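Trainee: Residue numbers (our numbering): 34 to 213.
Using N, Cα and C, we set each Cβ at its ideal position, and we do this for glycine too.
If you're wondering where the values come from, they're calculated on a predicted model, not measured in any experiment.
(1) When burial is assigned at 16 or more other CB atoms within 10 Å of the CB, is residue 216 buried or exposed?
(2) Only counting the same chain, and skipping five residues up and downstream in sequence, which positions put a Cβ closer than 6 angstroms to that of residue 38?
(3) Do residue 49 and residue 180 have their beta-carbon atoms positioned less than 9 angstroms apart in this structure?
(4) Going by C-alpha distance, which of 153, 113, 85, 141 is nearest residue 35?
(5) Looking at the secondary structure, which residues open and close the alpha helix (DSSP H) in which residue 197 lies?
(6) Just verifying my parser: in three-state terms, what is the DSSP assignment at residue 98?
(7) In the DSSP assignment, the beta strand (DSSP E) including residue 107 goes from what residue to what residue?
(8) Please say whether residue 172 and residue 92 have beta carbons closer to each other than 9 angstroms?
(9) Note the first and the last residue of the continuous beta strand (DSSP E) segment covering residue 48.
(10) Please name the residue in 200, 213, 116, 84 whose C-alpha comes closest to that of residue 68.
(11) I'd like to check one pair, residue 112 with residue 81: are the Cβ atoms closer than 9 angstroms?
(12) Skipping 5 residues on each side, what residues in its chain have a beta carbon closer than 8 angstroms to that of residue 60?
(13) Identify the continuous beta strand (DSSP E) that holds residue 82 and give its terminal residues.
(14) Per DSSP, which residues does residue 41 bridge with? Please list them.
(15) Roughly how far, in whole angstroms, is the beta-carbon of residue 134 from the beta-carbon of residue 125, given that I think they are within contact range, below 8 angstroms?
(16) Just how far apart, CA to CA, sit residue 78 and residue 108?
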């Protein structure tokens, strides 16, 4: 079975989305990143939070809008929600709880990564002990407010071990393993 990976781009001050979930800040930081290109090829399924699935898109207004990684990836998506839409969405399965979402995504991913999208979903994965790795691409910008990378008030320490540190033209990539 593959691993569960949380991959995300974050501002230097720790935000993955701006105020109100705004993702427009990310647009200028997208671009060549060999580490991201490599990981995209190793993703077998997505586990997506509802807020992320229904939220803003840095590719808004372009042909890449609504496509994972701007169209750089396609495959099965599992969205955590208690309110699935009445109309089916092609390639998307709506799941009501983390355990069934992780199990379904892992089964679909095979020996590839289940890539987590969404801060709250990532937090739930940490709390449940199912998150294996974190890839944070740090963009050179300060957002000042928004959605934090991890928000766990009162949470306990989560030990991490650095796998790699790489640089791309628009980000510094920090790849970490969750130590159990």
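Mentor: By the coordinates alone:
(1) Beyond the ends of the chain as shown, which are 34 and 213, falls residue 216; an answer cannot be given.
(2) 146, 148, 166
(3) yes
(4) 141
(5) Segment 193-201 is the beta strand (DSSP E) holding residue 197; no alpha helix (DSSP H) there.
(6) coil
(7) Segment: none, residue 107 is in no beta strand (DSSP E) and carries neither H nor E.
(8) no
(9) 48-50
(10) 200
(11) yes
(12) 91, 92
(13) 76-82
(14) 169
(15) The pair is not a contact, with the Cβ atoms about 12 angstroms apart (cut-off 8 angstroms).
(16) 6 angstroms
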